[in-house]
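Asks:
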Amino acid sequence: MPDSPSPAGTLLPRRAVLALFPAALGTFVLGALGCKGSPTIVVPEIPDEPLPDESPARAFVGSYRFVGGDVERAAVDRAIDTAIADMNGLVRGIARDRLVAANGVPSELAIVGGGNLLAVVVDRLPYTGRLDGIATKVKTSTGDVMDMRYQIGPIIEQVFFDSEKGRVNRFELRGTQLVMHVRVHAQVLPREVVYDLTFERVVPA
Numbered sequence: 754m755p756d757s758p759s760p761a762g763t764l765l766p767r768r769a770v771l772a773l774f775p776a777a778l779g780t781f782v783l784g785a786l787g788c789k790g791s792p793t794i795v796v797p798e799i800p801d802e803p804l805p806d807e808s809p810a811r812a813f814v815g816s817y818r819f820v821g822g823d824v825e826r827a828a829v830d831r832a833i834d835t836a837i838a839d840m841n842g843l844v845r846g847i848a849r850d851r852l853v854a855a856n857g858v859p860s861e862l863a864i865v866g867g868g869n870l871l872a873v874v875v876d877r878l879p880y881t882g883r884l885d886g887i888a889t890k891v892k893t894s895t896g897d898v899m900d901m902r903y904q905i906g907p908i909i910e911q912v913f914f915d916s917e918k919g920r921v922n923r924f925e926l927r928g929t930q931l932v933m934h935v936r937v938h939a940q941v942l943p944r945e946v947v948y949d950l951t952f953e954r955v956v957p958a
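In case it helps, our numbering puts the sequence shown at residues 754 to 958.
1. Taking a contact to mean a Cβ-Cβ separation below 8 Å, would you say G886 touches D801 in this structure?
2. Apply the 10 Å Cβ neighbour rule to G961 and answer buried if 16 or more other Cβ atoms are within range, or exposed otherwise.
3. Is it true that the region 804-821 meets the region 862-876, where meeting means three or more beta-carbon pairs spaced less than 8 Å apart?
4. Using the rule of at least 16 other Cβ atoms within 10 Å of the residue's Cβ for burial, across every protein chain shown, is K918 buried or exposed?
5. Sorted by chain position, which residues of the same chain lie with C-beta nearer than 6 Å to Q940's C-beta, five sequence neighbours on each side aside?
6. In this structure, how does DSSP classify G842 when only helix, strand and coil are distinguished?
7. My assumption, with CB atoms under 8 Å, is that N856 sits in contact with V946. Please give the rounded CB distance.
8. Do three or more CB pairs link the region 814-832 to the region 846-866 at distances below 8 Å?
9. For I905, tell me which candidate among A888, K892, A828, G821 has the shortest Cα-Cα distance.
10. Using the Cβ count rule (16 or more neighbours within 10 Å means buried), how would you classify P879?
11. Can you give me the C-alpha to C-alpha distance between L843 and D850, rounded to a whole angstrom?
12. What is the DSSP secondary structure of T835, counted as helix, strand or coil?
13. Measuring alpha carbon to alpha carbon, tell me which residue in T881, I909, T835 is nearest E798.
14. Anyone know if the C-beta pair for V858 and R883 falls short of 8 Å?
Right under this line is the structure:
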């Protein structure tokens, strides 16, 4: 598979990038609040061709390391507590445990692409979708299957959804940093879980 150029001109081997991620990230809402088993999903392979020259996604290609520290980790906890504050005690405890497990902060992530496909890779799991915004089925870190689509522009919007829950990740470049704006919602949650995570682009040695 060919290398992918970063905005700085550094070549990032796609296969190497896909293998970089030991960090844990529970990407989705509440396995305990109604998620069910689903059929196996085949993850499409990124084609051996570059992203289109005119695609804004080219600027995002690369690997990133979390730099938000304890401040942003604490903000995730506060966002969860705010979302469940109006639930009764027993349900609130269960919901909090599941949300904490499903919203761990990743130490690293990557964005790779080729042809008409783009993938955000977290914990060795690529979430691969189409540049044209058509939804595809993806298997989440909790083992559930959801619909996912990308909206590509100056900000990349990654939307996961089914009939009961969803998550929106908005990726924004700020110089050498990538800010991931997260919004998690579910029918069983009184409020959305909203927080930001900050990553720094990793330049290969």
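Glycine included, every Cβ here is placed at the ideal spot set by N, Cα and C.
Replies: With the structure as the only source:
1. One-based indexing of the sequence shown puts residue 886 at position 133. One-based indexing of the sequence shown puts residue 801 at position 48. No, these two residues do not count as a Cβ contact at 8 Å.
2. The chain is shown from 754 up to 958; residue 961 falls before or after that span and cannot be answered.
3. For the pair of segments examined, the region 804-821 was found to touch the region 862-876: the number of CB pairs separated by less than 8 Å reaches three.
4. Translated into the one-based positions of the sequence shown, residue 918 becomes position 165. When all chains shown are included, K918 counts as buried.
5. The residue given as residue 940 occupies position 187 in the sequence shown. Excluding residues within five positions, the ones whose Cβ falls inside 6 Å are E917.
6. By 1-based counting over the sequence shown, the position of residue 842 is 89. Three-state DSSP puts G842 in a helix.
7. The sequence position of residue 856 within the sequence shown is 103, counting from 1. The sequence position of residue 946 within the sequence shown is 193, counting from 1. That belief holds up - the Cβ atoms of N856 and V946 are roughly 7 Å apart, short of 8 Å.
8. Segment contact: the region 814-832 against the region 846-866, three or more CB-CB distances shorter than 8 Å; contact assigned.
9. Here residue 905 refers to the residue found at position 152 when the sequence shown is read from its first residue. The residue with the shortest Cα to Cα distance from I905 is A888.
10. Here residue 879 is taken as the residue at index 126 of the sequence shown, counted from 1. P879 is classed as buried because its beta carbon has at least 16 other beta carbons within 10 Å across all chains shown.
11. Here residue 843 refers to the residue found at position 90 of the sequence shown. Here residue 850 refers to the residue found at position 97 of the sequence shown. Approximately 11 Å between the Cα atoms of the pair.
12. In the sequence shown, residue 835 corresponds to position 82, counting from 1. Note: T835 maps to helix in three-state DSSP.
13. If you number the sequence shown from 1, residue 798 lands on position 45. For E798, the closest C-alpha among the options T881, I909, T835 is that of T881.
14. One-based indexing of the sequence shown puts residue 858 at position 105. One-based indexing of the sequence shown puts residue 883 at position 130. No, Cβ-Cβ distance for V858 and R883 is not below 8 Å.
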